[in-house]
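**Student:** Chains as they are written, first to last, in the numbering used here: chain P, 3 to 323; chain E, 149 to 451. Quick reminder that beta carbons are idealized off the backbone N, C-alpha and C, glycines included.
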Amino acid sequence: MNLKRLDLNLLVAFEAIYSTGSISAAARRLGTSQPNVSNALARLRRLIGDPLFVTSRHGVEPTVRARQMIAPIREALDIVRTQFLRADSIGLATYERNFRIVVADPFEPVLMPPILREITEHAPGVSVESVPASPRFAEELRAGTIDLACYSFPLNAPELVAVPIFAGNNVVISRRNHPLVGKVLDQRTLGLLRHVALVPELRSMFPMDNDLAAYGIRRRIVCAVNKFWSIPSVVEQSDLVCVVPDQFARVCARNFAVDLHEAPVRMSLTYGYVLWHVRSRKDPGHQWLRETIVRHFREQGFKSMAFSTPHLPQRPLPPLA
Amino acid sequence: MAELRDINLNLLVILEAVYDAGSISGAGRSLGMTQPAVSNALVRLRRLVGEELFVREGRGVVPTIAADRLIGPVREALALIRSQMSNAEPLELATYRRQFRILLYDAFEPLVLPPLLRELSRAAPGVSIECVRPLPDIIDGLNSGRIDIACFAGTVSAPEIQCVPLRRLDSAVIARRGHPRLQAGMDRDVFNSLGHVVLLPDLLPDVAVDSDLAAGGLTRQIRYTVKRAWSVAAIVESTELLGVLPRWFATAVSGNFQISIHDLPARLPDRWTYMHWHARNTVDPGHAWLREQVLSLACDEPG
């Protein structure tokens, strides 16, 4: 195709639709209206002779042709960004963008309030969409459907940048003054108590079951939940107990009448990272977001294993749900 | 396959258990059988069907297309048998063993889960609950038996799916306690000018809160979009942002989070939440018991 016939700005709209999976979300990200984006897509369709996106249950899905196009087009746009934009060139006061991120529940109540205050004060055109973590979130980072994840490192992925922000122990939480839990929680009691825990497909990403099995402890899980946030009210108001990362236990203790107990066995640490795709490295808006997030994590006093431990863990690390 | 008498019908119970547990060892636990005995039964089933029914994946097993095809009819047959057998003997909760899988809009959690779990500890220690993650296709989940009940706003309509209303989706606005802009209370101006945390749950297929709000003259400046009612309370507590939540949820967690609850400065159309289940379970006494529990906990107070 002769490039003279192509309005290159249509490619920015194409990239935004691809990344967000929806016309309206693309419009929000670009700070324009939905009809404008639909219109751009219509022109691009005519030029390329392919529908590019088809409607699906939750928005739009790329066609085969769109999937073939996306990588080179992103590369091209990245080059343009690198050449023409710098981090200091975004005017926060007028910057319009919607970021889609994964924030593990244990981090959310600590991290998001200061970020949102900063957005309200300095970047009123910016919004953040929190997407629940799925075991597939690394693929979503790669596909560009999410911008960033505050999570644990699931696999060796050279194209993902991972900044370690947190390493913590697991502890046991119970309702305040639980009659069956003494001052010190012993192994036998832990095995006898009834537990709430994450559903198996999320739990299998943690080493917790194996850690406990090594001591011959098999938890009696009578309630399996699909997110950390379901746990504290159950623990507060029943005799069920739960093994959780200590970061989340502290969040629970702030809002719920629960007691924290040291785990009676040695358990693996839970690690937290801020993760993003290398392609975003020079995207100035993205750079602002991730630097703000990492700075707030450090200010909140999260222990950073990058400074305390010289080596990275050997095996794939468990993600936080 | 020749005749019904050539089939060991007990193998069907094992098929269902492995399908539900997603692992041989999990099925063994729920059936009170050893792992080798379950594996052995699966070998016999495969011979019977002539096709592989489960394949290994990760730490468990996943059903093949053949198993997916079989599970519906198998469940139906077993449900019929169970309903007949259990008519003979009433449900013995004290020794009843079963895992229920439920799909629960998370705003119901503080109302339903703690009291239900207390009741299980007290009366039905062999029963456990799994709150499954939102599925893309709820009808399929109910049909295949991957979920026992589904509670959320709006209804799904399919021939075999039954439902009862639970509670009106009465929305309220929450803000942090002592919010400086709310000293004179909530009005449209405050609502429209402050930033919002917006709940966009996976389980409200029919509820377009935003268009309801717009029709009432309200627009939200969206700062943060979340999938969980809990996140709204936790964020609102420590920011100047507002949130719109079901009033029952806000009330239930107002002892945990430092939030104040306000009327919406507009009247919204009535929306309802419902409990859904598959018709084959209607007469299953264990299932009926679960529905009764959830209904009594999630329903509005009578009167």
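Could you tell me whether the region 380-394 of chain E touches the region 335-354 of chain E, using the rule of 3 or more Cβ pairs below 8 angstroms?
**Tutor:** With a cut-off of 8 angstroms, the region 335-354 of chain E and the region 380-394 of chain E count as touching, because enough Cβ pairs lie within range.
**Student:** So, E/P262 versus P/S235, is the Cβ gap smaller than 8 angstroms?
**Tutor:** Cβ atoms of E/P262 and P/S235: closer than 8 angstroms.
**Student:** Let me know the secondary structure DSSP gives E/D354 once reduced to three states.
**Tutor:** Unreliable placement is indicated for E/D354, whose pLDDT of 48 sits below 50; no coordinate value is reported for it.
**Student:** So, does the CB of P/P111 fall closer than 8 angstroms to a CB anywhere in chain E?
**Tutor:** Yes, its Cβ sits closer than 8 angstroms to a Cβ of chain E.
**Student:** Pick from P/D9, P/P166, P/R144, P/F55: whose alpha carbon is nearest that of P/R76?
**Tutor:** Taking only the C-alpha atoms, the option nearest P/R76 is P/R144.
**Student:** Show which residues of chain P have a CB atom less than 8 angstroms away from the CB atom of E/V280.
**Tutor:** The answer, in chain order, is V201, N228.
**Student:** Could you check whether the Cβ of P/F1 sits closer than 8 angstroms to any Cβ belonging to chain E?
**Tutor:** In the structure as shown, chain P starts at 3 and stops at 323, and residue 1 of chain P therefore has no counterpart that could be examined.
**Student:** Residues of chain P with CB under 8 angstroms from E/S276, in chain order?
**Tutor:** In chain order: I223, V224, C225, A226.
**Student:** Check whether the region 417-429 of chain E touches the region 276-295 of chain E, taking contact to mean three or more Cβ pairs, one atom from each stretch, closer than 8 angstroms.
**Tutor:** Yes: at least three Cβ pairs fall under 8 angstroms.
**Student:** Taking Cβ-Cβ distances below 7 angstroms as the criterion, which residues of the region 234-255 of chain P are in contact with chain E?
**Tutor:** Taking 7 angstroms as the Cβ-Cβ cut-off against chain E, the residues of the region 234-255 of chain P that qualify are S235, V236, Q239, S240, D241, L242.
**Student:** Rounded to a whole number of angstroms, what is the C-alpha to C-alpha distance between E/G434 and P/V245?
**Tutor:** Looking at the two C-alpha atoms, the distance is approximately 30 angstroms.
**Student:** Let me know the secondary structure DSSP gives P/P64 once reduced to three states.
**Tutor:** P/P64: strand per DSSP, three-state reduction.
**Student:** Give the list of continuous beta strand (DSSP E) stretches no shorter than 3 residues that lie fully inside the region 80-126 of chain P.
**Tutor:** As far as the region 80-126 of chain P is concerned, its whole beta strand (DSSP E) runs of at least 3 residues are 99-105.
**Student:** Mind listing the chain P neighbours of E/R266? Cutoff is C-beta to C-beta under 7 angstroms, in chain order.
**Tutor:** Simply S240.
**Student:** Could you tell me which residues DSSP puts in a beta bridge with E/G364?
**Tutor:** Partner(s): none; E/G364 has no beta bridge.
**Student:** Provide the residue span of the beta strand (DSSP E) that contains E/M423, from first to last.
**Tutor:** Element bounds for E/M423: 420-426.
**Student:** Got a sec: which bits of the region 130-142 of chain P sit with their beta carbon under 9 angstroms from any beta carbon on chain E, in order along the chain?
**Tutor:** Cβ contacts with chain E come from V130, E131, S132, V133, P134, S136.
**Student:** At what residues does the beta strand (DSSP E) containing P/V245 begin and finish?
**Tutor:** Here the beta strand (DSSP E) through P/V245 covers 244-247.
**Student:** Going along chain E in order, which residues have a C-beta closer than 8 angstroms to the C-beta of P/T122?
**Tutor:** Neighbours of P/T122 on chain E, chain order: G343, R371, T387, E388, L389.
**Student:** Would E/N158 be called buried (16 or more neighbouring beta carbons within 10 Å of its own) or exposed?
**Tutor:** It is exposed - the Cβ of E/N158 has fewer than 16 other Cβ atoms within 10 Å.
**Student:** Just curious, the beta strand (DSSP E) that E/G391 is in, first and last residue?
**Tutor:** E/G391 -> beta strand (DSSP E) spans 390-394.
**Student:** Leaving out five residues on either side along the sequence, give the residues of the same chain with a beta carbon under 6 angstroms from the beta carbon of E/D354.
**Tutor:** Its pLDDT being 48, under 50, E/D354 is placed unreliably in this model, and the value from its coordinates should be taken loosely. These residues qualify, in order along the chain: G302.
**Student:** Once the 5 residues before and after E/P417 are set aside, which same chain residues still bring their CB inside 7 angstroms of it?
**Tutor:** D360, listed in sequence order.
**Student:** Look at the alpha carbon of P/D248 and the alpha carbon of E/Y253, and state the distance between them as a whole number of angstroms.
**Tutor:** Each residue's Cα considered, the two are about 27 angstroms apart.
**Student:** Helix, strand or coil: how does DSSP classify P/A135 here?
**Tutor:** It is coil, neither helix nor strand.
**Student:** List the residues that DSSP assigns as beta-bridge partners of P/Q36.
**Tutor:** DSSP output for P/Q36 lists no bridge partner at all.
**Student:** When Cβ atoms are compared, which residues of the region 239-257 of chain E fall closer than 8 angstroms to chain P?
**Tutor:** Per Cβ criterion, the list reads D254, E257.
**Student:** Using the Cβ count rule (16 or more neighbours within 10 Å means buried), how would you classify P/L242?
**Tutor:** P/L242 should be labelled buried.
**Student:** Mark P/T272 as exposed unless 16 or more other C-beta atoms lie within 10 angstroms of its C-beta, in which case mark it buried.
**Tutor:** So P/T272 ends up on the buried side.
**Student:** Quick one: does E/S187 have its CB under 8 angstroms from some CB of chain P?
**Tutor:** Chain P contact via Cβ: absent.
**Student:** Closer than 8 angstroms by beta-carbon distance: list the chain E residues that pair up with P/W290, in chain order.
**Tutor:** In chain order: nothing, as chain E lies at least about 16 angstroms away.
**Student:** Determine, for E/P464, whether the minimum Cβ-Cβ distance to residues of chain P falls below 8 angstroms.
**Tutor:** Since the first residue of chain E shown is 149 and the last is 451, residue 464 of chain E is not available in this structure.
**Student:** Express the C-alpha separation of P/P126 and P/V112 in angstroms, rounding to a whole number.
**Tutor:** Answer to the nearest angstrom: the Cα atoms are 21 angstroms apart.
**Student:** To the nearest angstrom, how far is the alpha carbon of E/N404 from that of P/H288?
**Tutor:** Each residue's Cα considered, the two are about 34 angstroms apart.
**Student:** Name the two residues that bound the continuous alpha helix (DSSP H) containing E/V186.
**Tutor:** It spans 183-197 - the alpha helix (DSSP H) in which E/V186 sits, taken as one unbroken run.
**Student:** Near E/L160, what residues of its chain come up, given a Cβ to Cβ distance below 8 angstroms and the 5 sequence neighbours on each side ignored?
**Tutor:** These residues qualify, in order along the chain: V222, A225, L226.
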